[in-house]
Amino acid sequence: MAAGNTIKMEQTQKMMITPGLRQAIMILQFPTLDLNSYLGQQLQENPMLELEEESDQQDSGSLAVETGSGENENMFDPGWQDYFQDSSDLGFLEPEKETDQDNSDYENYVRQEFGLTEFLCDQLNLVINNTRQRLIGRYLIGNLDENGYLHVSVDEVAVSLKATREDVEETLKIIQNFDPPGIGARNLQECLLIQVNQLNIKDKLLENVILRHLPELAKGKLSSVAHQLCVSFEDIQDIARFIKTLDPKPGCNYSSGDCVKYVIPDLVIEKAGQNFTITVNDCINLKINSYYRSIWEKEADSKVRQFLGVKLNAAVWLIKSVEQRRNTLSKIANCLIALQQDFLKYGCEHLKPLNLKQVAKIVGLHESTVSRATSNKYVQTPQGMFPMRSFFSAGLNCGSDKETSAAAIKESLRKLVARENPVKPLNDQEVAGIFAERGIKISRRTIAKYRGEIGIPPARQRIRY
Numbered sequence: 004m005a006a007g008n009t010i011k012m013e014q015t016q017k018m019m020i021t022p023g024l025r026q027a028i029m030i031l032q033f034p035t036l037d038l039n040s041y042l043g044q045q046l047q048e049n050p051m052l053e054l055e056e057e058s059d060q061q062d063s064g065s066l067a068v069e070t071g072s073g074e075n076e077n078m079f080d081p082g083w084q085d086y087f088q089d090s091s092d093l094g095f096l097e098p099e100k101e102t103d104q105d106n107s108d109y110e111n112y113v114r115q116e117f118g119l120t121e122f123l124c125d126q127l128n129l130v131i132n133n134t135r136q137r138l139i140g141r142y143l144i145g146n147l148d149e150n151g152y153l154h155v156s157v158d159e160v161a162v163s164l165k166a167t168r169e170d171v172e173e174t175l176k177i178i179q180n181f182d183p184p185g186i187g188a189r190n191l192q193e194c195l196l197i198q199v200n201q202l203n204i205k206d207k208l209l210e211n212v213i214l215r216h217l218p219e220l221a222k223g224k225l226s227s228v229a230h231q232l233c234v235s236f237e238d239i240q241d242i243a244r245f246i247k248t249l250d251p252k253p254g255c256n257y258s259s260g261d262c263v264k265y266v267i268p269d270l271v272i273e274k275a276g277q278n279f280t281i282t283v284n285d286c287i288n289l290k291i292n293s294y295y296r297s298i299w300e301k302e303a304d305s306k307v308r309q310f311l312g313v314k315l316n317a318a319v320w321l322i323k324s325v326e327q328r329r330n331t332l333s334k335i336a337n338c339l340i341a342l343q344q345d346f347l348k349y350g351c352e353h354l355k356p357l358n359l360k361q362v363a364k365i366v367g368l369h370e371s372t373v374s375r376a377t378s379n380k381y382v383q384t385p386q387g388m389f390p391m392r393s394f395f396s397a398g399l400n401c402g403s404d405k406e407t408s409a410a411a412i413k414e415s416l417r418k419l420v421a422r423e424n425p426v427k428p429l430n431d432q433e434v435a436g437i438f439a440e441r442g443i444k445i446s447r448r449t450i451a452k453y454r455g456e457i458g459i460p461p462a463r464q465r466i467r468y
């Protein structure tokens with residue numbers, strides 16, 4: 004059979020993710036802060052978008068849809084006209100009228116709080132007059148982390164600044180006498196000793212414990228430390244209490260406010276009588292810019308029309324994707340309210356077992372969609388702020404008629420430990436016995452596992468004298 008080239012038509016079906024669909028999936032996954040940042044970027048790049056003010060927000064479903072068969076309309080998604088706002092202005096804001104009223108923001112007159120670097124540099128300028136030593140001091144201060152620790156060696160600083168080791172050490176000692184006490188230390192032991200020295204405490208036993216036995220103190224092994232140092236248990240107990248009064252992170256309280264990260268809830272669930280209301284926290288609302296829409300409708304230049312047409316289609320798809328995200332979150336939130344009412348009313352101990360598959364089946368969405376919609380999202384509830392995923396918890400068959408969620412067990416465990424006698428804390432077997440008395444059969448190993456997951460140390464490390 005001779006080899007040759009032939010042309011053959013074949014019909015196949017396959018799944019393809021279009022750029023628009025990829026964008027919709029990305030928007031669904033965004034938490035509120037990231038979504039607003041992304042929408043702000045799109046607002047700058049797409050002239051067909053403009054910010055919708057609160058005064059002119061409308062329900063897009065109530066707008067009349069123009070049905071035209073013209074060439075302009077057929078080029079785009081049939082639903083794009085739903086998002087045009089019938090506004091008489093051309094997208095520009097009327098200049099504000101001058102008034103005698105002072106609209107100044109009084110917060111502008113409030114002195115900005117200094118961060119750690121500025122605070123230390125102010126002290127440096129007051130104490131050191133030598134220009135060379137000031138340069139070394141600023142270099143050292145600039146290499147402190149947010150907790151006030153120095154992570155470069157004296158030799159590295161000397162080489163970088165072509166200074167002598169003695170000058171660097173002298174400057175560092177000056178900085179270590181600044182406020183806050185403990186600043187400029189190279190490790191925890193040095194940080195604590197600096198604070199002890201500033202208090203003019205001369206105690207060899209205290210210095211010995213700080214230098215050599217901090218890990219044992221952290222584990223609650225006071226008896227072992229007392230035995231090694233041949234002192235009484237009460238002496239080590241007093242030292243442990245004193246060390247707890249010192250600050251292991253002296254620079255933390257002076258960190259710049261710009262580094263503080265806030266959580267903004269994506270959903271707000273509020274109690275209204277016997278029911279709950281849901282608010283999707285959308286800070287930015289977009290609409291189609293009527294001015295550029297009119298240019299697109301009347302423009303004769305085909306290139307301009309094509310450019311604006313592409314931007315118009317992108318704008319419509321973006322607005323639809325945001326609305327779809329809002330609808331999806333509302334559906335899932337309504338489902339969570341119906342299934343987790345006891346949690347919303349009484350707290351984490353009443354959280355029921357629930358998984359993504361159950362919610363997906365109820366709301367009529369794919370499990371992966373529910374997973375994307377609930378990831379990295381936070382919900383403000385009457386019980387406080389929670390990650391959206393905290394509504395989902397694995398079930399634990401504890402021998403009772405109803406399953407108990409792992410999250411409810413962990414919350415009960417946390418409360419048990421908070422109320423225990425600090426001199427004789429509960430061990431895992433005793434905790435398992437308390438749960439058994441409540442009708443929840445759970446093994447000691449499971450208690451140990453859950454205790455570790457919520458950051459509770461073993462009983463021997465929780466002893467407080």
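Residue numbers (our numbering): 4 to 468. C-beta atoms are modelled at their ideal positions from N, C-alpha and C, and glycine is treated no differently.
Asked                                                                                                                                     : Found
Distance, Glu302 Cα to Phe95 Cα                                                                                                           : Model confidence at Phe95 stands at a pLDDT of 35, short of 50, so the residue's coordinates are unreliable and nothing is read from them.
Length-filtered (4 minimum) alpha helix (DSSP H) runs lying within the stretch 333 to 394                                                 : 344 to 349, 359 to 366 and 370 to 377
Chain-order list of residues whose beta-carbon lies under 8 angstroms from that of Leu138 (same chain, five-residue window excluded)      : Leu164
Cβ contact check for the stretch 35 to 53 and the stretch 343 to 351: 3 or more pairs under 8 angstroms                                   : no
Where Ile197 sits in the DSSP three-state scheme                                                                                          : helix
Identity of the residue in Val373, Pro356, Leu357 and Leu354 nearest Pro363 by Cα                                                         : Note on identity: in this sequence residue 363 is Ala, with Pro being the wrong assignment. Nearest C-alpha to Ala363: Val373.
Pick from Asp304, Asn358 and Glu237 that is closest to Ala410, judged by C-alpha positions                                                : Asn358
Contacts around Tyr453, its chain only, beta-carbon distance under 8 angstroms, and the 5 residues preceding and following it disregarded : Ala409, Ile412, Lys413 and Leu416
C-alpha gap between Arg441 and Cys338, whole angstroms                                                                                    : 30 angstroms
The stretch 15 to 31 / the stretch 318 to 329 touching (three or more Cβ pairs under 8 angstroms)                                         : yes
Beta-carbon gap between Ile450 and Thr407 smaller than 9 angstroms                                                                        : no
CA-to-CA distance, Asn200 to Lys207, given in whole angstroms                                                                             : 12 angstroms
Beta-carbon spacing of Tyr3, Leu311 below 9 angstroms                                                                                     : As shown, the chain starts at 4 and ends at 468. That puts residue 3 outside it, with no answer to give.
C-beta atoms of Ile239 and Leu270 nearer than 9 angstroms                                                                                 : no
Strand pairing of Leu419, partner residues [DSSP]                                                                                         : In DSSP, Leu419 forms no bridge with anything.
Helix, strand or coil at Leu202 according to DSSP, with G and I counted as helix                                                          : coil
Buried or exposed (CB count within 10 angstroms, at least 16 for buried), His216                                                          : buried
Residues bridged to Lys413 (per DSSP)                                                                                                     : Answer is none; Lys413 lacks a bridge partner.
Rounded C-alpha distance that separates Phe122 from Arg447                                                                                : 51 angstroms
Selected residue, minimal CA-CA separation from Gly140, among Glu149, Gly151, Asn150 and Leu127                                           : Leu127
Anticipated Cβ contact below 8 angstroms, Lys334 with Val366, distance rounded                                                            : 5 angstroms
Selected residue, minimal CA-CA separation from Ile186, among Lys427, Ile242, Glu172 and Pro251                                           : Pro251
Proximal residues to Ile340 (C-beta, below 8 angstroms), its chain only, five neighbours per side dropped                                 : Ile272, Phe279, Ile281 and Leu347
Three or more C-beta pairs below 8 angstroms linking the stretch 179 to 199 and the stretch 143 to 153                                    : yes
Strand pairing of Ala397, partner residues [DSSP]                                                                                         : Paired residues: none, contrary to the question.
Phe181 classed as buried or exposed, judged by whether at least 16 other C-beta atoms fall within 10 angstroms                            : buried
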